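*Asks:*
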Amino acid sequence: MFLKKTLPLLLTFLIGIIAWSIIWYKAIYIPLTHDEVATYLYYFNFNVWELMMYPDPWPNNHILNSILAKFSLLIFGQEVWAGRLPNVLSFLLYFWAIYRFSLYIFKDKWWWVLCTVSFFIFNPYLLDFFSLCRGYGLSIAIMFYSVWILISGFQKKKENLLWWALGLSMLAAYANFTLLIFWCATVGMLGLYFFNQYSGKQKRQQLYRKLGLLGGSFLAYLALIYNPIHKMQSTNQFEYWQSNGFYKDTVISLVDTVRAGVRMVGGSNEYFGLLAIMIFILAGAALFYHWGRQSWQWLQGQVMFVAWTILTATIIVNIAQTVILGTPNLTGRTALFLYPLFIGMAAAFFAFLMKGKNYRWMTFLAVILIVIKVWHMERALQTDRVREWWYDANTYQVMKFIEDDNNSDAKAVLQTSWFFRRSFQYYTQTGKADHIHLVDLDAGEQNTASPDYFYIFDSELPELTDRYDIIEKYDGGSRLLLKKKSAINEVPL
Numbered sequence: 001m002f003l004k005k006t007l008p009l010l011l012t013f014l015i016g017i018i019a020w021s022i023i024w025y026k027a028i029y030i031p032l033t034h035d036e037v038a039t040y041l042y043y044f045n046f047n048v049w050e051l052m053m054y055p056d057p058w059p060n061n062h063i064l065n066s067i068l069a070k071f072s073l074l075i076f077g078q079e080v081w082a083g084r085l086p087n088v089l090s091f092l093l094y095f096w097a098i099y100r101f102s103l104y105i106f107k108d109k110w111w112w113v114l115c116t117v118s119f120f121i122f123n124p125y126l127l128d129f130f131s132l133c134r135g136y137g138l139s140i141a142i143m144f145y146s147v148w149i150l151i152s153g154f155q156k157k158k159e160n161l162l163w164w165a166l167g168l169s170m171l172a173a174y175a176n177f178t179l180l181i182f183w184c185a186t187v188g189m190l191g192l193y194f195f196n197q198y199s200g201k202q203k204r205q206q207l208y209r210k211l212g213l214l215g216g217s218f219l220a221y222l223a224l225i226y227n228p229i230h231k232m233q234s235t236n237q238f239e240y241w242q243s244n245g246f247y248k249d250t251v252i253s254l255v256d257t258v259r260a261g262v263r264m265v266g267g268s269n270e271y272f273g274l275l276a277i278m279i280f281i282l283a284g285a286a287l288f289y290h291w292g293r294q295s296w297q298w299l300q301g302q303v304m305f306v307a308w309t310i311l312t313a314t315i316i317v318n319i320a321q322t323v324i325l326g327t328p329n330l331t332g333r334t335a336l337f338l339y340p341l342f343i344g345m346a347a348a349f350f351a352f353l354m355k356g357k358n359y360r361w362m363t364f365l366a367v368i369l370i371v372i373k374v375w376h377m378e379r380a381l382q383t384d385r386v387r388e389w390w391y392d393a394n395t396y397q398v399m400k401f402i403e404d405d406n407n408s409d410a411k412a413v414l415q416t417s418w419f420f421r422r423s424f425q426y427y428t429q430t431g432k433a434d435h436i437h438l439v440d441l442d443a444g445e446q447n448t449a450s451p452d453y454f455y456i457f458d459s460e461l462p463e464l465t466d467r468y469d470i471i472e473k474y475d476g477g478s479r480l481l482l483k484k485k486s487a488i489n490e491v492p493l
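This note's numbering applies: residue 1 is where the sequence shown begins, and numbers increase by one.
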């Protein structure tokens, strides 16, 4: 009994504890990254209503995250971890949702519960966003809890759960507008449920009322988000996404982020991309096959039906959006929320195939998959940086080196590449690096300043070699700290 139930159950929660510890560690010790700075220094100064109405067209304002981060910073002060706290805590919601989902579909197959949770969690790229002050981790946590509630509503035929799922999908999209396509898919799922439950002339009035409520909620939410979406759309804020087709942009880029630069069992991105497509197609084929043999009511009661349909509907809405509105495909972090949706669908498919069976080879397969996932996590995890904004990994080391190296009583004048500047801007403006004067590029100060130090990419070195010498290298020399030659050659009296 211990090996069958207690051990995998303990390991499941141990995985959650380990993942949350990693998240906390990064939230506390990773320097503030490029895209986080605006929330701390800019959006923090707006009230809640102004944040909701979008003070500028830049998509950096993930509204729910900005609001929660503002309150957290007001309570705990301008600390890096304080702004990241809402995302750190949201991991608990994510873990609870995936645990309940995994336990529900596999029931007494405890090693498969552990395996499913492992795949949901052991994605270094995904975990990064629970450590940052951005809306991605927060939105994913709320989204999958919405999926779990949606499944429960379909299974138990409880409409109040379906309305909760819809509300949570709105909240998820409010944390990251990329999830608006998931919200639209959830609206479609509720519409499907109502059409099925209230079919027939006798229930037509009830159907109209339900659809009226659903349509009213849809329009009300559109009214709420109209101003932000209009501002972004009218100023082409979506142009940084790619447009090379859903498979290449979304599927392959998502596989690449999951692999996190590490080879997995010898497979390429294309190999794992095709494997994901094959699992998706097989799950759909199994549904249509059983639809022909079973009733529609039976089909709607299957977890796999809800998991596959919500993923499919989200993809369809995404593709329709790119065709109708001309917005490019999702890629990288904007496509990340599809990962837990896919894992949920794949797990539900495997649980469906194994229903009523519990052979030893199934347990053995689950253990093998767990080992592979843990092995990949151990190889891919980087505790000193986040993958998306890797170039900000050495901010603390640079500031410390300058503090120790500067012999003058005056502040050391530092100029950095544009990529690094925002991270340093936070520390200098909040007084956490008061020994440094950061050259204000926005004010044109670089035209008159002669900085004591330059922090640059190695590709920028040729322009500065006549006036600066390298005093420190980071990441194998890909990033360089330079010091003015006159300062180095000066001989103290």
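Virtual Cβ for every residue (Gly too), placed ideally from N, Cα, C. All of these numbers come straight from a predicted model, not from anything done at the bench.
Can you give me the C-alpha to C-alpha distance between residue 344 and residue 90, rounded to a whole angstrom?
*Replies:* Stepping through the sequence shown from its first residue, residue 344 is reached at position 344. Stepping through the sequence shown from its first residue, residue 90 is reached at position 90. Looking at the two C-alpha atoms, the distance is approximately 18 angstroms.
*Asks:* Taking the alpha-carbon positions, what's the residue 244 to residue 438 distance?
*Replies:* Translated into the one-based positions of the sequence shown, residue 244 becomes position 244. Translated into the one-based positions of the sequence shown, residue 438 becomes position 438. The alpha-carbon atoms of residue 244 and residue 438 are separated by roughly 39 angstroms.
*Asks:* Restricting to Cα atoms, I'd like to know which of 68, 148, 155, 112 is closest to residue 132.
*Replies:* Counted from its first residue, the sequence shown places residue 132 at position 132. It is 68.
*Asks:* Taking one C-beta from the segment 292 to 308 and one from the segment 146 to 165 each time, how about it: are there three or more such pairs within less than 8 angstroms?
*Replies:* Yes: at least three Cβ pairs fall under 8 angstroms.
*Asks:* Write down the C-beta distance between residue 129 and residue 87 rounded to the nearest angstrom, noting that I regard them as a contact closer than 8 angstroms.
*Replies:* The residue you call residue 129 lines up with position 129 of the sequence shown. The residue you call residue 87 lines up with position 87 of the sequence shown. Confirmed, about 7 angstroms.
*Asks:* Taking a contact to mean a Cβ-Cβ separation below 7 angstroms, would you say residue 40 touches residue 426 in this structure?
*Replies:* Numbered from 1 along the sequence shown, position 40 holds the residue referred to as residue 40. Numbered from 1 along the sequence shown, position 426 holds the residue referred to as residue 426. Yes, the Cβ-Cβ distance between residue 40 and residue 426 is below 7 angstroms.
*Asks:* Do you know offhand how far residue 99's Cα is from residue 105's?
*Replies:* Residue mapping note: residue 99 aligns to position 99 of the sequence shown, counting from 1. Residue mapping note: residue 105 aligns to position 105 of the sequence shown, counting from 1. The alpha-carbon atoms of residue 99 and residue 105 are separated by roughly 10 angstroms.
*Asks:* Mapping DSSP to helix, strand and coil, what is residue 415?
*Replies:* On the sequence shown, residue 415 is found 415 positions in, with the first residue counted as 1. Here residue 415 sits in strand by DSSP.
*Asks:* Runs of 4 residues minimum, wholly inside the segment 120 to 190: which ones carry the alpha helix (DSSP H) assignment?
*Replies:* List check, alpha helix (DSSP H) in window: 124 to 128, 135 to 156, 159 to 175.
*Asks:* Can you have a look at residue 479 and say buried or exposed, based on whether 16 or more other CB atoms are within 10 angstroms of its CB?
*Replies:* Translated into the one-based positions of the sequence shown, residue 479 becomes position 479. Buried is the call here.
*Asks:* With DSSP as the reference, please indicate the residues paired to residue 472 in a beta bridge.
*Replies:* Position 472 of the sequence shown, counted from the first residue, corresponds to residue 472. For residue 472, which the question treats as bridged, DSSP gives the partners 481.
*Asks:* On the DSSP letters alone, give me the boundaries of the alpha helix (DSSP H) that residue 226 sits inside.
*Replies:* By 1-based counting over the sequence shown, the position of residue 226 is 226. 204 to 234 is the span of the alpha helix (DSSP H), which, as asked, contains residue 226.
*Asks:* Helix, strand or coil: which one does DSSP assign to residue 13?
*Replies:* On the sequence shown, residue 13 is found 13 positions in, with the first residue counted as 1. It is helical.
*Asks:* Quick one: Cα of residue 541 to Cα of residue 219, how far?
*Replies:* Because the chain spans 1 through 493 in this model, residue 541 falls outside it and cannot be assessed.
*Asks:* Along the chain, where does the alpha helix (DSSP H) containing residue 282 start, and where does it finish?
*Replies:* Against the sequence shown, residue 282 aligns to sequence position 282. Counting along the chain, the alpha helix (DSSP H) containing residue 282 begins and ends at 269 to 293.
*Asks:* Check whether the segment 247 to 259 and the segment 334 to 342 touch, using three or more Cβ-Cβ pairs below 8 angstroms as the test.
*Replies:* Yes, they touch.
*Asks:* Quick one: what's got a C-beta closer than 6 angstroms to residue 279's C-beta in the same chain, skipping five residues either side?
*Replies:* Position 279 of the sequence shown, counting from 1, holds the residue named residue 279. Excluding sequence neighbours, residue 279 sits near 346.
*Asks:* Give the DSSP-derived three-state secondary structure of residue 438 in the structure shown.
*Replies:* Stepping through the sequence shown from its first residue, residue 438 is reached at position 438. Three-state DSSP puts residue 438 in a strand.
*Asks:* Pairing CB atoms from the segment 56 to 67 with CB atoms from the segment 164 to 177, are three or more of them under 8 angstroms?
*Replies:* The segment 56 to 67 is in contact with the segment 164 to 177.
*Asks:* Count the other CB atoms, across all protein chains shown, that sit within 10 Å of the CB of residue 72; report buried if there are 16 or more and exposed otherwise.
*Replies:* The residue labelled residue 72 in the question sits at position 72 within the sequence shown. The residue is buried, with at least 16 neighbouring Cβ atoms inside 10 Å.
*Asks:* Answer yes or no: do residue 22 and residue 121 have a C-beta to C-beta separation smaller than 7 angstroms?
*Replies:* On the sequence shown, residue 22 is found 22 positions in, with the first residue counted as 1. On the sequence shown, residue 121 is found 121 positions in, with the first residue counted as 1. It is not a contact, given that the beta carbons lie outside the stated cut-off.
*Asks:* Of the residues 143, 191, 217, 140, which one's Cα is nearest the Cα of residue 207?
*Replies:* The sequence position of residue 207 within the sequence shown is 207, counting from 1. Comparing Cα positions, the closest option is 191.
*Asks:* Kindly list the residues whose CB is nearer than 6 angstroms to the CB of residue 491, restricted to its own chain and excluding five residues on each side of it in sequence; keep chain order.
*Replies:* The residue given as residue 491 occupies position 491 in the sequence shown. Confidence in residue 491 is poor, its pLDDT being 43 and thus under 50, which makes the residue's placement unreliable; the coordinate value appears in the next sentence. Counting only Cβ-Cβ distances below 6 angstroms, and skipping sequence neighbours, we find nothing.
*Asks:* Does residue 246 come out as helix, strand or coil in the three-state DSSP assignment?
*Replies:* For the purposes of this step, residue 246 is taken as the residue at position 246 of the sequence shown. It is helical.
*Asks:* What number of angstroms, rounded off, separates the C-alpha of residue 277 from the C-alpha of residue 312?
*Replies:* Counted from its first residue, the sequence shown places residue 277 at position 277. Counted from its first residue, the sequence shown places residue 312 at position 312. Those two C-alpha atoms are separated by around 12 angstroms.
*Asks:* For residue 453, list the residues DSSP reports as bridge partners.
*Replies:* Along the sequence shown, read from residue 1 onward, the residue named residue 453 stands at position 453. 414, 483, per the DSSP bridge assignment.
*Asks:* Enumerate in chain order the residues of its own chain whose CB-to-CB distance from residue 471 is below 6 angstroms, with the five nearest sequence positions on each side excluded.
*Replies:* Walking along the sequence shown from the start, residue 471 turns up at place 471. Taken in chain order, the residues that qualify are 481, 483.
*Asks:* Excluding five sequence neighbours on each side, which residues of the same chain lie with their C-beta closer than 6 angstroms to the C-beta of residue 314?
*Replies:* Numbered from its first residue, the sequence shown carries residue 314 at position 314. Cβ within range, chain order: 181, 182, 185.
*Asks:* Hey, quick one: how far does the alpha helix (DSSP H) through residue 360 stretch, first residue to last?
*Replies:* As a position in the sequence shown, residue 360 is number 360, starting the count at 1. Residues 360 to 380.
*Asks:* Report yes if the C-beta distance between residue 364 and residue 417 is below 7 angstroms; otherwise report no.
*Replies:* Here residue 364 refers to the residue found at position 364 when the sequence shown is read from its first residue. Here residue 417 refers to the residue found at position 417 when the sequence shown is read from its first residue. For residue 364 and residue 417, no; Cβs fall outside 7 angstroms.
*Asks:* Measure the alpha-carbon distance for residue 441 versus residue 325 and round it to whole angstroms.
*Replies:* Stepping through the sequence shown from its first residue, residue 441 is reached at position 441. Stepping through the sequence shown from its first residue, residue 325 is reached at position 325. Straight-line Cα distance between these residues: approximately 36 angstroms.
*Asks:* So, helix, strand or coil for residue 65, using DSSP?
*Replies:* As a first step, residue 65 must be located in the sequence shown, where it is residue number 65. Reduced to three states, the DSSP call for residue 65 is helix.
*Asks:* If contact is defined by three or more beta carbon pairs under 8 angstroms, each pair taking one atom from either stretch, is the segment 381 to 388 in contact with the segment 24 to 36?
*Replies:* Counting Cβ pairs under 8 angstroms, three or more are found: they touch.
*Asks:* DSSP three-state call for residue 407: helix, strand or coil?
*Replies:* For this step, residue 407 is matched to residue 407 along the sequence shown. In the structure shown, residue 407 sits in coil (DSSP, three-state: anything other than H, G, I, E or B).
*Asks:* In terms of residues, what are the limits of the alpha helix (DSSP H) holding residue 304?
*Replies:* Taking the sequence shown and counting its residues from 1, one reaches residue 304 at position 304. Unbroken alpha helix (DSSP H) run through residue 304: 303 to 324.
*Asks:* Would you mind stating whether residue 340 and residue 95 have Cβ atoms separated by less than 7 angstroms?
*Replies:* Indexing the sequence shown from 1 puts residue 340 at position 340. Indexing the sequence shown from 1 puts residue 95 at position 95. In this structure, residue 95 does not lie closer than 7 angstroms to residue 340 by Cβ.
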